[in-house]
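Colleague: Below is the structure I would like to discuss, written out as structure tokens.
Residue numbers (our numbering): 6 to 199.
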């Protein structure tokens, strides 16, 4: 059964990865980059600060905890345990993989990009509770995650499980923040009046 699922995952990866062009190589490389999204991060921090003022520090610490936990769990509980080769390192398909720029580390299950982006997305959609924002931030997480398949460094299952892990971490840290907020009589998440 595992071999069957792995084969489907590989075939889906090869299909998705084969749809490429020089223009999209550049676009997906930037989508996958961390610095590309700094303006988005600053915009989100602006809206958090506008609503929560000095309490923004607690929210940003929680977001940092989401990223730290998602990243470390994806590496230490998955990559270092399962040791599944990235598609670009897999000798059986390496010659069929369209790799943009570089392959990255040896192992790819699960995707830290997917875990981190979905972790942050779920945490933020719980914070803002606006349907338009929820759709936009989930689209962002999905786009960044898909870029990893396009670039040749992750299988679809790496992305799916990474996304689930990140979403669970984001929701868990949100629940932790709610618990702490309750202990402090709502002082952390109560919007600051002007």
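Just so it is clear, CB atoms sit at the ideal spot from N, CA and C, and this is done for glycine as well.
(1) Since residue 148 contacts residue 36 with CB under 8 Å, what's their CB separation in whole angstroms?
(2) Bridge partners for residue 112 per DSSP, in chain order?
(3) According to DSSP, is residue 3 part of a helix, a strand, or is it coil?
(4) What residues in its chain sit with their C-beta under 6 Å from that of residue 67, if we drop five residues either side in the sequence?
(5) Roughly how many whole angstroms lie between the Cα atoms of residue 126 and residue 26?
(6) If you drop the 5 nearest sequence neighbours on each side, which residues of the same chain put their C-beta closer than 8 Å to that of residue 153?
(7) Relative to the C-alpha of residue 72, which residue among 105, 121, 107, 84 is closest?
(8) Within the continuous alpha helix (DSSP H) that includes residue 26, where are the two ends?
(9) Do residue 33 and residue 156 have their CB atoms nearer than 9 Å?
(10) Report, in whole angstroms, the separation of the C-beta atoms of residue 75 and residue 124, which I expect to be a contact under 8 Å.
(11) So residue 138 and residue 114 are supposed to be a Cβ contact under 8 Å. How far apart are they, rounded?
(12) Is residue 131 close to chain B? Criterion is C-beta to C-beta, closer than 9 Å.
(13) Would you mind stating whether residue 52 and residue 133 have Cβ atoms separated by less than 9 Å?
(14) Given a cut-off of 9 Å, decide if residue 111 and residue 88 are closer than it, judged by their beta-carbon atoms.
(15) Cutting at 6 Å between CB atoms, please list the residues of its own chain near residue 129, excluding the five before and the five after it.
Modeller: In short, the structure shows the following:
(1) Going by Cβ atoms, the distance from residue 148 to residue 36 rounds to 6 Å, so yes, they are a contact pair.
(2) According to DSSP, which records beta bridges pairwise, residue 112 is partnered with 90.
(3) Any question about residue 3 goes unanswered here, given that the chain covers just 6 to 199.
(4) The answer, listed in chain order, is 178, 182.
(5) C-alpha separation (whole angstroms): 29 Å.
(6) Same-chain partners within the cutoff: 37, 116, 118, 119, 159, 163, 164.
(7) Looking at the Cα atoms, 121 is the closest of the given residues.
(8) Neither: residue 26 is in no alpha helix (DSSP H) and is coded neither H nor E.
(9) Judged by beta-carbon spacing, residue 156 lies within the 9 Å limit of residue 33, meaning their Cβ atoms are closer than that value.
(10) Yes, they are in contact, since the Cβ atoms of residue 75 and residue 124 sit about 4 Å apart, within 8 Å.
(11) That pair is no contact at about 30 Å.
(12) The chain labelled as chain B is not found in the depicted structure, where only one protein chain is given.
(13) It is a contact, given that the beta carbons lie within the stated cut-off.
(14) Taking 9 Å as the Cβ cut-off, residue 88 and residue 111 qualify as a contacting pair.
(15) Hits under 6 Å: 142.
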